[in-house]
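Protein chains in written order, with this note's numbering: chain A, 5 to 601; chain B, 716 to 830.
Below is one structure, written out as structure tokens; comments come after it.
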Amino acid sequence: MRKSAKRVSELRRVRNRGGAPKFQAIRKKRTGIAGFDQITDGGLPVGRLTAVIGGPGMGKSLFALQFLLNGLRTAGEPGLFVTFEEPVDRVRANVAGFDWAFNSVPENQLALIDARLPADTVQSGAFDISGLLAALTARKAVMGARNVVFDGIDLLISSLNDECLERRELARIDDWIRAEGMTAILTVKSYSMSERDQKRADLIQYLTDCVIRLEGKLFDANFSRTLRVVKYRGSNFAPDAVPMAIGHSGIEVVPNQISRDNYPIFSERISSGVSRLDAILDGGFMRGSSILLSGAPGTAKTSLAASLAAAGCARGRKAAFVSFDESDVQIIANMKSIGIDLRRHVASGRLAMMSLRSNGHSPEECFLKICELVRRHKPDILVVDPLSAFMETAYPFAAIIAESLVDLAKSKGITFLGTSLLGQAAGEIEASAIHVSTIADTWIHVSYVIQNGERNRALTIVKSRGTGHSNQVRELALTSRGIDLVDVYVGDGKVLLGSARLEKQQLETRDERLEEVQHARRKFELGRGIAELQARAQAIVQELASKRREAQLEESAEKVRSTARRKAITQRGLIRRLADDSRAHPRPKKRRAGQRP
Amino acid sequence: MSAKASRRKGAVVSPANSGARGNEICLRLYVASTTPNSERAKANLGVALQDFSVVPGYRVELIDVLADPKRAVTDNVIVTPTLVAIGPKRQLVMIGDLSDSSSLQGLLKAAASFG
């Protein structure tokens, strides 16, 4: 008696202390649901009451059990699970399907407590849950439990049928967990929308420190689950509804918070497996970048994706290939036909392939499966083919999930390639890929060009952040030896592909040959002409020299002649003068001695 | 402290040998110390038992779960007050402060009957 009186006074003291403005930052406890711990910045408030509200089948009990299990496994904190609705063995059966190994958890570490009243229990007047709390106190003392879950508490307290009494019992739980230093979750149903139930839900929201709502909604035939933190006293939290999935590991939450800023940056290039493509990409894809490969059906998107994965594996890296609606076997066979051997890489363990069905799985479920694959396989390259399998559903979070996927890859430094099924129209491309395009670093589009009754594939690099790249269209050729890019012919404002390109190529080759022959002939003829002229020039030069010689000789002959002539004249003159003189004056004798011949 | 006064026969029953004996019924009342609900339940049960026509013979076991929380665990007590009436043929449970005297009397009669 004394002991209990002491406890009551202790309760009061705690309650009063709660009201005093003694500031203490809230401590948090992780739930092990990574996305949830992220949006609440650390998990649930320690030593406080958290309400998990939701309709049937929304995963309230699951959330609570995961919290207990995580507390036990990561912090070694035993837990109590008090079930007001379901028998203990059914609770066990419900979670047997998850990969928790729940049945291996010893009862003294995680106690499942059946708090259902016997079926034929008659109620007469008001009651309280002191009995239960006393039992829990005893168990806690034995086990050292730190966490407790009241699963479906509304079922019990609703039979009090009085708002005041209900409030009192909830307050009793609150007092109890504070006094015992327990962290608690109350799960509360929210499907019944009678005035009373509504009031109770309001009351619980008011009384608890943290309120989480689990909801589900149909979009067309697609069921989308969400989790929303409605309130969190003393803490910041993301108030948006975030997508949630119940998978093999239980509840998982996909926080739509894209980190974006702290991506690792590499300067290394990753080969696409197509050397000509690497060349026009200035050496290949940037490691850790994201690549969007869009195009109409059959434009070799999967082949290019497989080529990147195979090239990575061949260099000793690890790759993961996620495909939608096409089996691994099928892809391996298809790729073999164009010379890409995926089987070898699967066998060596470098390539992990996963095939998912887009139908009947929400994008968040698929996302979580891919997350799991990334965790397990730790790939350097992640391929999702097609990424548009996410986007083309009526699910409300499809676009966000696609972004989250790119974010996941980039934050881990994984080179990401997603393919996107797009039609021919440019407008369509813009509209569907707008989200991903904003976060894709490189966007390659493969389109069909129909020409002369042929359908050919034309590859263009729409954008490539941070790398030089060609702006030219290339023809994508699929052969049994692999993929290749071929330069296309651009002329007369036309791009020629396929056999038109070949024809043009042959035509040009022939013309070129002809041109060569003609050139040789012209060159020969000109050579001959020049030689001829040179010969003629030489002859003229010789003739010129001989004429000059002749002229010289002529000149010297003339000189001789003129000298002779002058002499003759002089002599003649002399003779004539002598004659004249002799006629007028007879020549003295002595002058005749000097006469010249 | 766990077993308390029983009326008329004056026998104090220990938890160990509880259970119905002969045409007696065993009444276990789980209470939470002296909280108002528990006090009312004790009083209401006392009043009902004063009417000899309702139950010919009985033993009352009063269990204070705050003083003996281990008992609350083993007997899986959820709410207080809880009255468990163990008769020769059946065991009946009533929760609450037993303020509805006619339903309490009905329960006691049903528990004591052999049919």
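The C-beta atom is built at its ideal place from N, Cα and C for all residues, glycine as well.
When CB distances to chain B are screened at a threshold of 9 Å, the residues of the region 121-147 of chain A falling below it are L121, P122, D124, T125, V126, Q127, S128, G129, A130, F131, D132, I133, S134, G135, L136, L137, A138, A139, L140, T141, A142, R143, A145, V146, in chain order. Taking the Cα positions, F227/A is about 25 Å away from V378/A. In this chain, S359/A is not harboured by any alpha helix (DSSP H); it is covered by the beta strand (DSSP E) spanning 355-360.
Here L548/A is exposed: its Cβ has fewer than 16 other Cβ atoms, across all protein chains shown, within 10 Å. Using a 10 angstroms sphere on the CB of S392/A, the tally of other CB atoms reaches 16 or more, which defines it as buried.
Looking at the DSSP output, Q455/A shares a beta bridge with E458/A. Using a 10 angstroms sphere on the CB of Q546/A, the tally of other CB atoms stays under 16, which defines it as exposed. If you ignore the 5 residues before and after I448/A, its C-beta comes within less than 6 Å of the C-beta of L297, I465, all in its own chain and listed in chain order.
The Cβ atoms of G220/A and F102/A do not sit closer than 8 Å to each other.
Bridge pairing for P49/A: K32/A [DSSP]. Of the candidates R540/A, E167/A, N151/A, A588/A, the residue whose Cα lies closest to the Cα of L114/A is N151/A. Note that the C-beta distance between A758/B and L819/B is not below 8 Å. Taking 8 Å as the upper bound for CB-CB distance, M186/A and P82/A are not in contact here, some 11 Å apart.
Contact between the region 41-51 of chain A and the region 112-131 of chain A is absent: fewer than three C-beta pairs spanning the two stretches fall below 8 Å. Note that the C-beta distance between V808/B and T797/B is below 8 Å.
Here the alpha carbons of R570/A and R587/A stand approximately 25 Å from one another. Here DSSP, grouped into helix, strand and coil, assigns D815/B to coil. Residue burial is scored here from C-beta neighbours: E519/A has fewer than 16 other C-beta atoms within 10 angstroms and is therefore classed as exposed. Cβ neighbours of V215/A within its own chain (closer than 7 Å, five residues either side excluded): A55, I57, Q209, V234, K235.
Inclusion of A313/A and F325/A in the CB contact set at 8 Å is warranted, their separation being smaller than that value. What D118/A touches in chain B, judged by beta-carbon distance under 8 Å, is N791, going in chain order. Going by C-alpha positions, R347/A is about 10 Å away from M339/A.
Annotation for G316/A: I274, A323, D384, I385 place their beta carbon closer than 7 Å to its own, counting only its chain and skipping 5 residues before and after. Under the three-pair Cβ rule at 8 Å, the region 287-295 of chain A does not count as touching the region 86-99 of chain A. Proximity of I810/B to chain A, defined by a Cβ-Cβ separation below 8 Å, is satisfied. Contact between I405/A and E368/A holds: their C-beta atoms lie close to 6 Å from each other, under 8 Å. Chain order gives the chain A residues near S818/B as V126, Q127, S128, where near means a beta carbon separation below 9 Å. Listed along chain A, the residues sitting closer than 8 Å to V780/B by beta-carbon distance are S134, G135, A138, A139.
The beta carbon of A747/B sits closer than 8 Å to the beta carbons of S753, D779, V780, L781, T795, P796 from its chain, once the five residues preceding and following it are set aside; these are given in chain order. When C-alpha distances from R77/A are compared across F106/A, S271/A, L489/A, the shortest belongs to F106/A. Distance from the CA of A398/A to the CA of D224/A, rounded to the nearest whole angstrom, comes to 7 Å. Below the 9 Å Cβ cutoff, chain A contributes no neighbours of K804/B, its closest Cβ being approximately 14 Å away. The DSSP-derived three-state label of H523/A is helix. For a cut-off of 8 Å, the C-beta gap from Q70/A to T44/A is around 14 Å, too long to register as a contact.
Annotation: the region 752-784 of chain B contains the following complete segments of the beta strand (DSSP E) (minimum length 3 residues), in chain order: 773-779.
Under the Cβ criterion of 8 Å, L813/B is counted among the residues facing chain A.
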